[in-house]
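**Q**
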Amino acid sequence: MNRASIVVAASLGLLYRTPRPGLDGASIDLAELGKGLPRGFKLGAATAAHQVEGGRDNDWTAWERTAFPDGRPHAKHNDPSGLACDSWNRFKEDLQMLNQLGAKSYRFSVEWSRLEPRRGEWNAEAMDRDVFWTRRLREEGIEPLVTVWHFTLPTWVAEQGAFENAQSIADTEAFTVRLAQALGPTVDGWVTLNEPNIHAAKGYLQGEWPPGRKGDTRTQAQVMANLLRAHAKMAAALRTHDTADADGDTHATRVSVAHHARIFQPATNSTLDTAIAGLTDDFFNESVPRALVTGRIRLSVPGTLETDEQVDGLKGSIAYLGLNCYARVPVRADLSNPALSNQYVRSGGPTNDQGWEPSPDGLYLLLMRLNAWGVPLVITENGLADSLGEDRRAFLAEHL
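Each residue of the sequence shown is one higher than the one before, counting from 70 in the working numbering.
(1) Does DSSP put Tyr389 in a helix, in a strand, or in coil?
(2) Measure from the alpha carbon of Val217 to the alpha carbon of each residue in Gly124, Pro358, Ala299, then state which is nearest.
(3) When you compare the segment 242-257 with the segment 188-207, are there three or more beta-carbon pairs, one atom per stretch, that lie closer than 8 Å?
(4) What does the Cβ neighbour count give for Leu457, buried or exposed, with the cut at 16 atoms within 10 Å?
(5) Near Ala227, what residues of its chain come up, given a Cβ to Cβ distance below 6 Å and the 5 sequence neighbours on each side ignored?
(6) Roughly how many angstroms separate the alpha carbons of Ala269 and Arg367, rounded to a whole number?
(7) Could you tell me which uninterrupted beta strand (DSSP E) segments, each at least 3 residues in length, are contained entirely in the segment 100-143, listed from first to last along the chain?
(8) Sorted by chain position, which residues of the same chain lie with C-beta nearer than 7 Å to Pro280's C-beta, five sequence neighbours on each side aside?
(9) Report all residues from its chain with a CB closer than 6 Å to the CB of Asp285; omit the five preceding and five following residues, and keep chain order.
(10) By DSSP, does Gln169 sit in helix, in strand, or in coil?
(11) Which partner residues does Glu190 have in the DSSP bridge list?
(12) From Val256 to Arg308, what does the alpha carbon distance come to, in whole angstroms?
(13) Measure how close the beta-carbons of Ala330 and Ala321 come, nearest whole angstrom, since I'm counting them as under 8 Å.
(14) Taking only the alpha-carbon atoms, compute the straight-line gap between Arg323 and Asp316 and give it to the nearest angstrom.
(15) Taking the C-alpha atoms as reference points, what is the distance between Phe464 and Gln423?
(16) Between Leu361 and Asp199, what straight-line distance do the alpha-carbon atoms span, to the nearest angstrom?
(17) Can you have a look at His468 and say buried or exposed, based on whether 16 or more other CB atoms are within 10 angstroms of its CB?
(18) Excluding five sequence neighbours on each side, which residues of the same chain lie with their C-beta closer than 8 Å to the C-beta of Arg125?
(19) With burial defined as no fewer than 16 other Cβ atoms inside 10 Å of the residue's Cβ, what is the status of Arg397: buried or exposed?
(20) Which value, in whole angstroms, describes the spacing of the CA atoms of Leu102 and Val370?
(21) Taking 7 Å as the limit between beta carbons, can you name the residues of its chain near Leu92, skipping five residues before and five after?
(22) Could you tell me how far apart the beta carbons of Leu436 and Leu390 are, in whole angstroms, since I believe they sit closer than 8 Å?
(23) Going straight from the alpha carbon of Ser405 to that of Phe137, what length do you get?
(24) Does the beta carbon of Arg287 sit closer than 8 Å to a beta carbon anywhere in chain C?
(25) Going by other Cβ atoms of all chains shown within 10 Å of its Cβ, with 16 needed for buried, is Gln477 buried or exposed?
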C-alpha cells in the first residue's frame with residue numbers, strides 16, 4: 070500500500086463497548102483501541118450533513134415524506150430524518166467528543182440546500198458557520214476534510230433532473246467555486262463526490278433512493294458519467310480558487326473522490342456466476358478509479374450501453390483516492406434482473422444492523438487492488454451500524 074496516512078472514519082461512538090465507557094478523558098485513556106498504531110496513522114471520524122445536521126430542506130427530505138408504489142414509506146418505519154442529532158446547533162459538543170476520542174481528522178459534508186436554497190440565493194450566515202467550524206477544528210489540531218456533495222441536492226437542482234441533466238454539472242461547479250473561496254483559508258483536504266456509484270445504483274437501478282427509478286440501467290450509467298464530468302470541473306475549481314495552504318505543508322488543495330468498493334464474490338464456481346460477478350466488479354469497483362486515473366469514462370452495461378469517452382480535466386484530477394468499505398457481497402447470476410444478478414447475504418454469518426456482512430479481509434484486499442492504480446489511498450469511511458454498541462469494538466480491532 071502507498072505510504073500515506075490512513076484515516077479510518079467511524080461513528081463518534083467508535084470506542085463503545087459493553088459496558089459502554091463514558092466519554093470523559095480517563096475512560097478514553099483506558100480504552101484499548103489505538104495502542105500500537107504506527108507513527109503518522111490518522112484516526113478520525115466522518116459524517117454527512119443530512120445524517121446529522123437536522124433542519125434541512127432538500128430532495129431527500131421531500132423523498133422521506135412520500136412512499137413507494139406499493140405503499141411502503143420511503144423512510145423506514147415512516148421515520149424521516151427530521152432534526153437528526155441536531156449537529157447544526159451542537160457542534161461544540163461534537164468537537165468535545167472528537168477531542169475526547171483523540172481524533173486527528175474530521176470529514177463532514179456541506180449541505181448545498183442550506184447554502185443555496187434557491188438558484189443564486191446565497192445563505193451567508195450558514196456559510197459563516199461552516200467557516201467557523203473548520204477554523205475551530207484546526208485550532209484543536211483536527212484536520213477538516215470537506216465533502217462537497219454527499220448525495221443530497223437542493224430541490225431546484227433535483228427538479229431540473231439532478232445529474233441526468235448536464236446543467237447540474239455547471240451548477241455544481243459554481244457551488245464549488247463559492248466553497249473554495251470561503252473555506253480555502255482553513256481547508257486543504259476536499260472530497261468532491263461521495264460514492265457516485267452508490268448514488269447511481271440506488272437511485273436508478275434499485276429505485277431505493279431519489280429519484281426512485283428501478284431498472285433504468287441506461288440512466289444509471291448516464292448519471293455515473295455526468296458525476297465524473299462534474300468532478301473534473303469541481304476539482305479544477307478547487308485548485309483554482311483554494312490557493313491558501315492552511316496547514317503549511319506546501320499543498321494548498323488535495324482533492325479526492327470517496328469511492329465505495331465491495332468484494333463481489335461469485336455464489337458458485339460456475340462460469341456464469343463468475344462472469345457476472347466480474348462484470349459487477351468492473352462497473353461498481355473499477356470504473357470510477359479507472360476514470361480518475363486515465364481520464365477515460367468507460368462503462369459497460371451488456372445489451373444496453375457502452376461508453377468510452379475522454380474527459381478534459383479528469384486524468385490526474387485526484388491527489389489521493391478515498392475508499393469507503395463496508396461489506397462482502399455474494400453474487401448469483403440472474404439474467405432476468407436488470408443488474409444481471411441477485412446480491413444477497415450469506416446465512417449464519419455476522420451482519421450489521423443494515424444486514425450487511427462485514428469483511429475485514431475484504432478491506433485489505435480492496436486496498437491492495439486499488440493500490441495498483443498508483444495513487445495514495447485514504448480510508449474515508451469504514452464502520453459498523455450497531456445500535457446496541459456490542460460489536461463495534463471487535464469490528465474496529467479486526468479491521469485495523
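Where a beta carbon is used, it is the ideal one built from N, C-alpha and C, also for glycine.
**A** With the given structure in hand:
(1) For the purposes of this step, residue 389 is identified with residue 320 of the sequence shown, where counting begins at 1. Tyr389 falls in the coil class under three-state DSSP.
(2) As a working note, residue 217 is residue 148 in the sequence shown. Nearest C-alpha to Val217: Ala299.
(3) yes
(4) Taking the sequence shown and counting its residues from 1, the one referred to as residue 457 is at position 388. Classification of Leu457: exposed, given that the 10 Å Cβ count is below 16.
(5) Position 158 of the sequence shown, counted from the first residue, corresponds to residue 227. Hits under 6 Å: Asp128.
(6) Counting from 1 along the sequence shown, the entry for residue 269 is found at position 200. Counting from 1 along the sequence shown, the entry for residue 367 is found at position 298. Roughly 15 Å separates the two Cα atoms.
(7) 111-115
(8) Counting from one through the sequence shown, the residue named residue 280 turns up at place 211. Hits under 7 Å: Ala231, Gly272.
(9) The residue you call residue 285 lines up with position 216 of the sequence shown. Excluding residues within five positions, the ones whose Cβ falls inside 6 Å are Tyr273.
(10) In the sequence shown, counting from the first residue as 1, residue 169 sits at position 100. Residue state, collapsed to three classes: helix.
(11) Along the sequence shown, one-based indexing puts residue 190 at 121. Glu190 pairs with Arg187.
(12) Residue 256 sits at position 187 when you count from the first residue of the sequence shown. Residue 308 sits at position 239 when you count from the first residue of the sequence shown. So the two alpha carbons sit approximately 12 Å from each other.
(13) Residue mapping note: residue 330 aligns to position 261 of the sequence shown, counting from 1. Residue mapping note: residue 321 aligns to position 252 of the sequence shown, counting from 1. With a Cβ gap of about 29 Å, Ala330 and Ala321 do not count as contacting.
(14) Locating residue 323 in the sequence shown gives position 254, counting from the first residue. Locating residue 316 in the sequence shown gives position 247, counting from the first residue. Using only the alpha carbons, I get a separation of about 12 Å.
(15) Along the sequence shown, read from residue 1 onward, the residue named residue 464 stands at position 395. Along the sequence shown, read from residue 1 onward, the residue named residue 423 stands at position 354. Looking at the two C-alpha atoms, the distance is approximately 15 Å.
(16) Counting from 1 along the sequence shown, the entry for residue 361 is found at position 292. Counting from 1 along the sequence shown, the entry for residue 199 is found at position 130. Approximately 28 Å between the Cα atoms of the pair.
(17) Against the sequence shown, residue 468 aligns to sequence position 399. Classification for His468: buried.
(18) Against the sequence shown, residue 125 aligns to sequence position 56. Here the set comprises Ala118, His119, Ser150, Glu180, Ser182, Arg183, Thr221.
(19) Taking the sequence shown and counting its residues from 1, one reaches residue 397 at position 328. Arg397 is buried by the Cβ-count criterion.
(20) To locate residue 102, count along the sequence shown from 1; it is residue 33. To locate residue 370, count along the sequence shown from 1; it is residue 301. Note that Leu102 scores 49 on pLDDT, short of 50, meaning its location in the model is unreliable; the coordinates nonetheless yield the value given after this. Computed Cα separation, rounded: 43 Å.
(21) Here residue 92 corresponds to residue number 23 of the sequence shown, with the count starting at 1. Residue placement at Leu92 is poorly supported in this model, since its pLDDT is 45, which falls under 50; the coordinates are not used for a value here.
(22) Looking up residue 436 in the sequence shown gives position 367. Looking up residue 390 in the sequence shown gives position 321. That pair is no contact at about 10 Å.
(23) Taking the first residue of the sequence shown as position 1, residue 405 is located at position 336. Taking the first residue of the sequence shown as position 1, residue 137 is located at position 68. Roughly 22 Å separates the two Cα atoms.
(24) Given the protein chain composition of this structure (a single chain), no chain C is represented.
(25) The question about residue 477 has no answer here: the residues shown for the chain are numbered 70 through 469.
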